[in-house]
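Numbered according to the working numbering, the sequence shown terminates at residue 558, and the numbering increases by one at each position without gaps. All C-beta atoms in this analysis are idealised placements derived from N, C-alpha and C, irrespective of residue type, glycine included. In this text the structure is predicted, and so the values were computed from the model without any measurement. Below: the structure, in structure tokens.
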Amino acid sequence: MGAAVDLRTYVRDIPDFPKPGILFKDITPLLSNPEAFAASIDQFAQRFQGRGVNLIAAAEARGFIFGAPLAIRMNVGFVPIRKPGKLPFATIAAEYQLEYGVDKLEVHTDAFGPGRRVLLIDDVLATGGTMRACRELVESTGATVIASAFLIELGFLGGRARLEPCEVVSLITY
Ligand code: AMP
């Protein structure tokens, strides 16, 4: 059933947000529709079932929206990757470039570790900077990133090339 839903019809374009020249992909119509939201989680789960994933990790805030339900669906743990100063235990950090700014992400030092097979997920692949930082964090602990998954890929920004040869899966490509 989930595969029959055309997810694209639930993504709204907002021009010039958060600043001029950015065409923002607004996923709130998809999130507010239970069939479409469930279908997106179904489609991710189908792609990664049987791949030996132990953990799903995602960067705040919109990565959490997809990462947490997918972790429950796939019966694996979830790791939050957070903005600086939010995590209470010892952390490691990576800096990254956004389509509109520079930022830093942190994760607990004990979140991953050697032998763990991690699936990274986010709502939008733009330049790929955020996901690269997430991958650095995971790999610096000795864990393996099996793939990076996105609801939406903005193909014209070339983010995929910054992530390959690591597998990149997108449910919708523009
Ligand atoms: P990037 O690091 O350039 O791949 O940017 C990806 C992150 O920024 C994702 O977490 C998205 O939530 C957000 N983002 C970047 N560009 C857009 C856009 N055009 N529409 C919606 N979200 C975006």
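Practice task
Indicate the three-state DSSP secondary structure (helix, strand or coil) for Q481 in the structure shown.
Solution key: strand
Exercise for the section: Quick one: which unbroken beta strand (DSSP E) runs of 3-plus residues sit fully inside the stretch 395-462? Chain order, please. Expected result: 396-399, 407-410, 439-443
Practice task
Could you have a look at A533 and say whether DSSP puts it in helix, strand or coil?
Solution key: strand
Exercise for the section: Leaving aside the five residues before and after L521 along the sequence, list all residues of the same chain whose C-beta is less than 7 angstroms from its C-beta, in chain order. Expected result: I465, I476, A478, L489, V491
Practice task
Measure the Cβ-Cβ separation of L509 and E537 and say whether it is below 8 angstroms.
Solution key: yes
Problem - Boundaries (first-last residue) of the beta strand (DSSP E) holding R500 - result: From DSSP, R500 is part of no beta strand (DSSP E); its letter is neither H nor E.
Problem - Backbone secondary structure at V389 - three-state DSSP - result: coil
Exercise for the section: Specify, as a first and last residue, the run of the alpha helix (DSSP H) that L521 falls within. Expected result: 513-523
Handout entry: Given L454 as reference, the closest of F421, K470, E444, A474 once Cα atoms are compared
Key = F421
Exercise for the section: Give the straight-line distance between the Cα atoms of V460 and L439, rounded to the nearest whole angstrom. Expected result: 5 angstroms
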